[in-house]
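Working notes for the structure below.
In the working numbering, the protein residues as written are 111 to 167.
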């Protein structure tokens, strides 16, 4: 199963467990890619290219 992410109240979240999520911008992946994104939409595009799946929540 691939990593999953979703939008909620205008913010991008990454699913981290069965019933938990973390702001995508605060993840280790986001920090490593920091020079490549300026908005959460840019980050979402990068994560999708890396194999993350956008789900409806």
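Quick reminder that beta carbons are idealized off the backbone N, C-alpha and C, glycines included.
The beta carbon of residue 150 lies closer than 7 Å to those of 121, 122, 134, 135 in the same chain, with the five residues before and after it left out.
Counting every other CB atom within 10 Å of its CB across the protein chains shown gives residue 115 a total of 16 or more, marking it as buried. C-alpha of residue 119 to C-alpha of residue 125: approximately 15 Å in a straight line. For residue 159, the enclosing alpha helix (DSSP H) covers residues 150-159.
Annotated as distal: residue 147 and residue 157, with beta-carbon spacing of 7 Å or more.
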